Amino acid sequence: MKLHIHDLMENIEDSSVQLEETDVVSSDKIKELTKMKLNMTETNTRHRGKKKALTIGIAAAVVAALGIASYAAFSGSLENVTFGKPKDSNGVELPVSESKVTNDNGDEYTVYENNESISVQGYSDSPEYKAAKEWHEFEDNYDTDWKILDKVGNKATKWDEKYGAYNVYSQEMADKVDEITSKYNLKLHEPLSVSDSDADTEKFNEMYGTVMDNATYDGYYFTDGTFQFDGDYGKYDFQLRRTVKGVFDNVYLGIGDMDEYEQWEYKTASGVTVLLALSKDQAIIIADLDKSFVNVNVLLWMGEDDKPDEMSKAELEKMADQIHFDIL
-10 MKLHIHDLME NIEDSSVQLE ETDVVSSDKI KELTKMKLNM TETNTRHRGK
40 KKALTIGIAA AVVAALGIAS YAAFSGSLEN VTFGKPKDSN GVELPVSESK
90 VTNDNGDEYT VYENNESISV QGYSDSPEYK AAKEWHEFED NYDTDWKILD
140 KVGNKATKWD EKYGAYNVYS QEMADKVDEI TSKYNLKLHE PLSVSDSDAD
190 TEKFNEMYGT VMDNATYDGY YFTDGTFQFD GDYGKYDFQL RRTVKGVFDN
240 VYLGIGDMDE YEQWEYKTAS GVTVLLALSK DQAIIIADLD KSFVNVNVLL
290 WMGEDDKPDE MSKAELEKMA DQIHFDIL
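The opening residue of the sequence shown carries number -10 in the working numbering; numbering runs sequentially from there.
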(Lines of atoms letter the chains of each structure in order from A and count residues from 1; the text may use other names and numbers.)
(Lines give C-alpha, C1' and ligand atoms only; values in the text may rest on other atoms or scores of the structure.)
Protein backbone atom coordinates (compact mmCIF):
# COMPACT_ATOMS: atom_id res chain seq x y z
CA MET A 1 0.00 0.00 0.00
CA LYS A 2 1.33 3.39 -0.95
CA LEU A 3 1.32 5.80 1.97
CA HIS A 4 0.80 9.50 1.50
CA ILE A 5 2.76 12.05 3.44
CA HIS A 6 -0.16 13.21 5.56
CA ASP A 7 -1.06 9.58 6.32
CA LEU A 8 2.34 9.25 7.99
CA MET A 9 1.89 12.40 10.01
CA GLU A 10 -1.24 11.04 11.63
CA ASN A 11 -2.34 13.47 14.34
CA ILE A 12 0.80 15.61 14.27
CA GLU A 13 -0.46 17.41 11.24
CA ASP A 14 -2.38 17.01 8.06
CA SER A 15 -1.22 20.18 6.34
CA SER A 16 -4.56 20.58 4.58
CA VAL A 17 -6.62 20.56 7.77
CA GLN A 18 -6.09 22.62 10.90
CA LEU A 19 -7.49 21.43 14.22
CA GLU A 20 -10.21 23.42 15.93
CA GLU A 21 -9.62 24.78 19.41
CA THR A 22 -11.53 21.85 20.93
CA ASP A 23 -9.43 19.14 19.30
CA VAL A 24 -7.10 17.35 21.69
CA VAL A 25 -4.16 15.03 21.13
CA SER A 26 -2.87 13.09 24.12
CA SER A 27 0.57 13.72 25.57
CA ASP A 28 1.39 10.04 25.01
CA LYS A 29 0.63 10.42 21.30
CA ILE A 30 2.77 13.53 21.07
CA LYS A 31 5.70 11.69 22.61
CA GLU A 32 5.23 8.62 20.44
CA LEU A 33 5.16 10.57 17.18
CA THR A 34 8.03 12.81 18.19
CA LYS A 35 10.20 9.83 19.06
CA MET A 36 9.44 8.22 15.72
CA LYS A 37 10.74 11.30 13.90
CA LEU A 38 8.18 11.18 11.14
CA ASN A 39 8.03 13.38 8.11
CA MET A 40 8.46 17.08 7.83
CA THR A 41 6.09 18.48 10.39
CA GLU A 42 4.86 21.84 11.45
CA THR A 43 2.00 22.48 13.85
CA ASN A 44 0.32 25.57 15.13
CA THR A 45 -2.64 24.46 17.19
CA ARG A 46 -2.18 23.28 20.74
CA HIS A 47 0.92 21.40 21.70
CA ARG A 48 0.63 18.48 19.32
CA GLY A 49 4.34 17.94 18.85
CA LYS A 50 7.21 19.29 20.93
CA LYS A 51 9.79 18.99 18.20
CA LYS A 52 9.46 19.43 14.47
CA ALA A 53 10.82 16.32 12.86
CA LEU A 54 11.96 15.65 9.30
CA THR A 55 10.56 18.62 7.44
CA ILE A 56 9.38 20.37 4.60
CA GLY A 57 6.70 22.72 4.55
CA ILE A 58 5.38 25.54 2.66
CA ALA A 59 4.10 28.88 3.61
CA ALA A 60 2.60 31.43 1.41
CA ALA A 61 0.80 34.70 1.43
CA VAL A 62 -0.47 37.10 -1.15
CA VAL A 63 2.59 39.06 -2.16
CA ALA A 64 1.82 42.06 -4.31
CA ALA A 65 4.77 41.85 -6.66
CA LEU A 66 6.55 38.55 -7.06
CA GLY A 67 8.52 39.61 -10.16
CA ILE A 68 11.72 37.98 -11.27
CA ALA A 69 14.52 39.71 -9.43
CA SER A 70 18.20 38.95 -9.23
CA TYR A 71 18.70 35.60 -7.56
CA ALA A 72 21.21 34.89 -4.85
CA ALA A 73 24.49 33.46 -6.07
CA PHE A 74 24.45 29.67 -6.07
CA SER A 75 26.38 28.33 -3.11
CA GLY A 76 24.72 25.00 -2.75
CA SER A 77 25.54 21.71 -1.14
CA LEU A 78 23.86 19.76 1.61
CA GLU A 79 26.98 20.39 3.68
CA ASN A 80 26.07 24.08 3.55
CA VAL A 81 22.60 23.62 5.03
CA THR A 82 23.21 20.85 7.57
CA PHE A 83 22.47 21.22 11.26
CA GLY A 84 24.80 18.31 11.89
CA LYS A 85 24.23 14.77 13.02
CA PRO A 86 22.50 14.09 16.36
CA LYS A 87 24.89 13.55 19.26
CA ASP A 88 24.64 11.83 22.60
CA SER A 89 25.23 13.51 25.96
CA ASN A 90 28.98 13.07 25.50
CA GLY A 91 29.00 14.80 22.12
CA VAL A 92 29.46 11.57 20.14
CA GLU A 93 27.58 11.37 16.84
CA LEU A 94 24.74 8.84 16.76
CA PRO A 95 24.45 6.52 13.75
CA VAL A 96 21.35 6.67 11.57
CA SER A 97 19.09 3.69 12.21
CA GLU A 98 15.84 2.46 10.71
CA SER A 99 12.95 0.38 11.96
CA LYS A 100 9.51 -0.77 10.85
CA VAL A 101 6.47 0.90 12.41
CA THR A 102 2.79 0.02 12.12
CA ASN A 103 0.31 2.90 12.41
CA ASP A 104 -3.22 2.82 13.79
CA ASN A 105 -4.59 1.73 10.41
CA GLY A 106 -2.31 -1.31 10.28
CA ASP A 107 -0.03 0.16 7.60
CA GLU A 108 3.66 -0.61 7.99
CA TYR A 109 6.36 1.84 6.99
CA THR A 110 9.99 2.63 7.68
CA VAL A 111 11.03 5.17 10.31
CA TYR A 112 14.53 6.62 10.42
CA GLU A 113 16.05 7.75 13.71
CA ASN A 114 19.09 9.94 14.37
CA ASN A 115 18.65 11.58 10.99
CA GLU A 116 21.02 14.26 9.89
CA SER A 117 18.95 17.43 9.58
CA ILE A 118 19.14 20.34 7.18
CA SER A 119 17.80 23.87 7.12
CA VAL A 120 14.88 24.79 4.87
CA GLN A 121 15.43 28.50 5.57
CA GLY A 122 18.73 29.25 3.84
CA TYR A 123 22.41 28.43 3.51
CA SER A 124 24.68 28.59 6.53
CA ASP A 125 25.74 32.21 6.02
CA SER A 126 22.15 33.49 6.24
CA PRO A 127 20.50 34.87 9.40
CA GLU A 128 17.50 32.60 8.76
CA TYR A 129 19.72 29.50 8.88
CA LYS A 130 21.55 30.67 12.00
CA ALA A 131 18.27 31.38 13.80
CA ALA A 132 16.77 28.00 12.87
CA LYS A 133 19.93 26.16 13.95
CA GLU A 134 20.01 27.94 17.31
CA TRP A 135 16.37 27.06 17.97
CA HIS A 136 16.93 23.47 16.80
CA GLU A 137 19.76 23.05 19.30
CA PHE A 138 17.74 24.67 22.08
CA GLU A 139 14.67 22.56 21.47
CA ASP A 140 16.63 19.29 21.26
CA ASN A 141 17.88 19.90 24.79
CA TYR A 142 14.73 21.41 26.29
CA ASP A 143 12.18 19.51 28.40
CA THR A 144 13.73 16.19 27.42
CA ASP A 145 11.78 14.33 30.12
CA TRP A 146 8.48 15.95 29.01
CA LYS A 147 7.66 17.19 32.52
CA ILE A 148 6.80 20.72 31.40
CA LEU A 149 4.71 19.49 28.45
CA ASP A 150 2.89 16.99 30.67
CA LYS A 151 1.98 19.79 33.06
CA VAL A 152 0.73 22.08 30.29
CA GLY A 153 -1.17 19.34 28.45
CA ASN A 154 -3.25 20.33 25.42
CA LYS A 155 -5.11 23.29 26.84
CA ALA A 156 -4.74 26.81 25.47
CA THR A 157 -1.91 28.92 26.90
CA LYS A 158 -1.09 32.61 27.08
CA TRP A 159 1.66 32.11 24.48
CA ASP A 160 -0.57 30.77 21.70
CA GLU A 161 -1.60 34.11 20.23
CA LYS A 162 1.93 35.38 19.59
CA TYR A 163 3.93 32.16 19.31
CA GLY A 164 1.34 29.76 17.93
CA ALA A 165 3.49 28.91 14.91
CA TYR A 166 6.36 27.69 17.11
CA ASN A 167 4.76 25.23 19.57
CA VAL A 168 5.78 27.41 22.51
CA TYR A 169 4.36 26.15 25.81
CA SER A 170 6.51 27.89 28.43
CA GLN A 171 7.89 31.35 29.19
CA GLU A 172 11.40 30.02 28.73
CA MET A 173 10.57 29.00 25.17
CA ALA A 174 8.90 32.34 24.48
CA ASP A 175 11.95 34.18 25.78
CA LYS A 176 14.20 32.10 23.53
CA VAL A 177 12.10 32.94 20.47
CA ASP A 178 12.30 36.65 21.34
CA GLU A 179 16.06 36.37 21.87
CA ILE A 180 16.59 34.71 18.49
CA THR A 181 14.39 37.06 16.49
CA SER A 182 16.06 40.09 18.07
CA LYS A 183 19.56 38.67 17.58
CA TYR A 184 19.04 37.95 13.88
CA ASN A 185 16.57 40.78 13.15
CA LEU A 186 13.79 38.47 11.97
CA LYS A 187 10.00 38.66 12.10
CA LEU A 188 7.65 36.03 13.52
CA HIS A 189 5.14 33.99 11.56
CA GLU A 190 1.60 34.84 12.50
CA PRO A 191 -0.22 31.81 13.93
CA LEU A 192 -2.24 29.90 11.35
CA SER A 193 -6.02 29.80 11.51
CA VAL A 194 -8.63 27.61 9.85
CA SER A 195 -9.86 30.53 7.76
CA ASP A 196 -6.56 31.65 6.23
CA SER A 197 -4.31 28.59 6.13
CA ASP A 198 -5.98 25.99 3.91
CA ALA A 199 -5.20 25.86 0.19
CA ASP A 200 -5.33 23.39 -2.69
CA THR A 201 -3.65 23.40 -6.10
CA GLU A 202 -6.12 25.91 -7.53
CA LYS A 203 -5.73 28.27 -4.57
CA PHE A 204 -1.93 28.19 -4.60
CA ASN A 205 -1.87 28.80 -8.35
CA GLU A 206 -4.36 31.63 -8.00
CA MET A 207 -2.13 33.30 -5.43
CA TYR A 208 1.23 32.80 -7.15
CA GLY A 209 0.63 31.70 -10.70
CA THR A 210 1.22 28.05 -11.54
CA VAL A 211 3.63 26.82 -8.90
CA MET A 212 4.23 23.42 -10.49
CA ASP A 213 3.15 21.66 -13.67
CA ASN A 214 1.86 18.09 -13.84
CA ALA A 215 1.28 17.87 -10.09
CA THR A 216 -1.52 18.20 -7.55
CA TYR A 217 -0.97 19.55 -4.07
CA ASP A 218 -2.59 21.02 -0.98
CA GLY A 219 -1.25 22.64 2.14
CA TYR A 220 -1.12 25.80 4.21
CA TYR A 221 0.33 29.27 4.07
CA PHE A 222 1.27 32.16 6.31
CA THR A 223 0.40 35.74 5.55
CA ASP A 224 4.10 36.61 5.28
CA GLY A 225 4.40 34.50 2.10
CA THR A 226 5.79 31.30 3.57
CA PHE A 227 3.91 28.17 2.53
CA GLN A 228 4.12 24.40 2.40
CA PHE A 229 2.20 21.74 0.56
CA ASP A 230 2.09 17.97 0.12
CA GLY A 231 1.89 16.87 -3.49
CA ASP A 232 1.68 14.06 -5.99
CA TYR A 233 3.86 14.12 -9.09
CA GLY A 234 3.38 10.97 -11.12
CA LYS A 235 4.19 8.08 -8.79
CA TYR A 236 6.13 10.30 -6.40
CA ASP A 237 4.93 11.91 -3.17
CA PHE A 238 6.68 15.14 -2.29
CA GLN A 239 6.63 18.16 0.00
CA LEU A 240 7.50 21.66 -1.11
CA ARG A 241 8.25 24.51 1.26
CA ARG A 242 8.78 28.14 0.37
CA THR A 243 10.29 30.07 3.29
CA VAL A 244 10.29 33.83 2.94
CA LYS A 245 13.50 35.61 3.85
CA GLY A 246 13.45 37.90 6.87
CA VAL A 247 11.19 35.59 8.89
CA PHE A 248 12.08 33.23 11.74
CA ASP A 249 11.10 29.70 10.73
CA ASN A 250 11.90 26.59 12.76
CA VAL A 251 10.98 23.74 10.45
CA TYR A 252 13.77 21.39 9.40
CA LEU A 253 14.26 18.37 7.17
CA GLY A 254 15.67 15.01 8.17
CA ILE A 255 17.67 13.47 5.35
CA GLY A 256 19.11 10.29 6.85
CA ASP A 257 22.83 9.93 6.10
CA MET A 258 24.25 12.75 3.96
CA ASP A 259 27.01 10.47 2.68
CA GLU A 260 24.38 8.44 0.82
CA TYR A 261 23.49 11.33 -1.53
CA GLU A 262 24.80 12.19 -4.96
CA GLN A 263 24.71 15.99 -5.38
CA TRP A 264 24.91 18.21 -8.44
CA GLU A 265 23.92 21.64 -9.78
CA TYR A 266 21.18 21.97 -12.39
CA LYS A 267 19.73 24.90 -14.30
CA THR A 268 15.97 24.46 -14.53
CA ALA A 269 13.60 25.31 -17.35
CA SER A 270 12.69 28.50 -15.47
CA GLY A 271 16.34 29.56 -15.59
CA VAL A 272 17.17 29.06 -11.92
CA THR A 273 20.23 27.11 -10.75
CA VAL A 274 19.26 24.60 -8.06
CA LEU A 275 20.96 21.98 -5.92
CA LEU A 276 19.79 18.42 -6.57
CA ALA A 277 20.55 15.55 -4.21
CA LEU A 278 19.52 11.93 -4.64
CA SER A 279 19.75 8.82 -2.47
CA LYS A 280 17.90 5.52 -2.67
CA ASP A 281 15.31 6.73 -0.16
CA GLN A 282 14.96 10.43 -0.77
CA ALA A 283 15.50 13.21 -3.31
CA ILE A 284 15.94 16.91 -2.54
CA ILE A 285 15.66 20.06 -4.62
CA ILE A 286 16.94 23.35 -3.14
CA ALA A 287 16.67 26.82 -4.65
CA ASP A 288 18.07 29.97 -3.03
CA LEU A 289 16.00 32.76 -4.54
CA ASP A 290 15.90 36.51 -4.14
CA LYS A 291 12.92 36.61 -1.78
CA SER A 292 12.70 33.04 -0.55
CA PHE A 293 14.40 29.71 0.04
CA VAL A 294 12.63 26.73 -1.53
CA ASN A 295 13.11 23.11 -0.49
CA VAL A 296 11.45 20.10 -2.13
CA ASN A 297 11.52 16.73 -0.39
CA VAL A 298 10.71 13.68 -2.54
CA LEU A 299 10.02 10.54 -0.53
CA LEU A 300 11.16 7.41 -2.35
CA TRP A 301 10.83 4.88 0.47
CA MET A 302 7.01 4.79 0.56
CA GLY A 303 6.33 2.91 -2.66
CA GLU A 304 4.03 -0.03 -3.32
CA ASP A 305 4.67 -3.09 -1.14
CA ASP A 306 7.20 -1.10 0.90
CA LYS A 307 9.56 -1.04 -2.09
CA PRO A 308 11.31 2.24 -2.92
CA ASP A 309 10.05 4.36 -5.81
CA GLU A 310 13.32 4.45 -7.72
CA MET A 311 14.29 7.78 -9.27
CA SER A 312 17.06 8.56 -11.75
CA LYS A 313 19.04 11.77 -12.00
CA ALA A 314 17.22 12.59 -15.25
CA GLU A 315 13.83 12.09 -13.57
CA LEU A 316 14.79 14.40 -10.71
CA GLU A 317 15.94 17.05 -13.19
CA LYS A 318 12.66 16.70 -15.08
CA MET A 319 10.74 17.16 -11.83
CA ALA A 320 12.73 20.31 -11.04
CA ASP A 321 11.78 21.64 -14.49
CA GLN A 322 8.10 21.41 -13.53
CA ILE A 323 8.54 23.94 -10.69
CA HIS A 324 8.20 27.61 -11.59
CA PHE A 325 10.98 28.95 -9.36
CA ASP A 326 10.81 32.23 -11.27
CA ILE A 327 7.57 33.14 -9.47
CA LEU A 328 8.66 31.96 -6.04
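We put the CB at the ideal spot given by N, CA and C, even for glycine.
Predicted, not measured: the structure shown is a model, and the values here were computed from it.
When K147, A266, I244 and K234 are compared, the shortest CA-CA separation from Q110 is found for K234. Here the alpha carbons of D213 and D139 stand approximately 32 Å from one another.
As summarised for the segment 169 to 204, the continuous alpha helix (DSSP H) elements at least 4 residues long and confined to that stretch are 183 to 186 and 190 to 197, given in chain order. If the five residues before and after S66 are omitted, its C-beta is found closer than 8 Å to the C-beta atoms of Q252 and L264, all from its own chain and listed in chain order. The alpha-carbon of N284 is positioned some 10 Å away from that of Q217. Taking the Cα positions, T71 is about 17 Å away from R230. Contact annotation: V90 and N104 have beta-carbon atoms that are not nearer than 8 Å. If one requires a minimum length of 3 residues, the beta strand (DSSP E) runs lying completely within the segment 219 to 271 are 225 to 233, 241 to 243, 251 to 256 and 262 to 267, in chain order. Put simply, the segment 231 to 250 touches the segment 274 to 282. At least three CB pairs are less than 8 Å apart.
It is roughly 32 Å from the alpha-carbon of E179 to the alpha-carbon of D93.
In the assembly as shown, D277 is a buried residue. Its beta-carbon has 16 or more other beta-carbons within 10 Å.
Annotation: the segment 82 to 143 contains the following complete segments of the alpha helix (DSSP H) (minimum length 4 residues), in chain order: 116 to 129 and 136 to 141. Counted as a single uninterrupted DSSP element, the alpha helix (DSSP H) harbouring L305 occupies residues K302 to D310. When C-alpha distances from D221 are compared across G208, E254 and T215, the shortest belongs to G208. In this structure G198 is in contact with H313, their Cβ atoms being roughly 7 Å apart against a cut-off of 8 Å.
A distance below 8 Å separates the beta carbons of V166 and Y155. V200 counts as buried, since no fewer than 16 other beta carbons sit within 10 angstroms of its beta carbon.
Taking the C-beta atoms as reference points, A272 is found no nearer than 8 Å to V261. The three-state secondary structure of Y152, taken from DSSP, is helix.
Secondary structure of F211 (DSSP, three-state): coil. A direct Cα-to-Cα measurement between E102 and E87 gives close to 6 Å.
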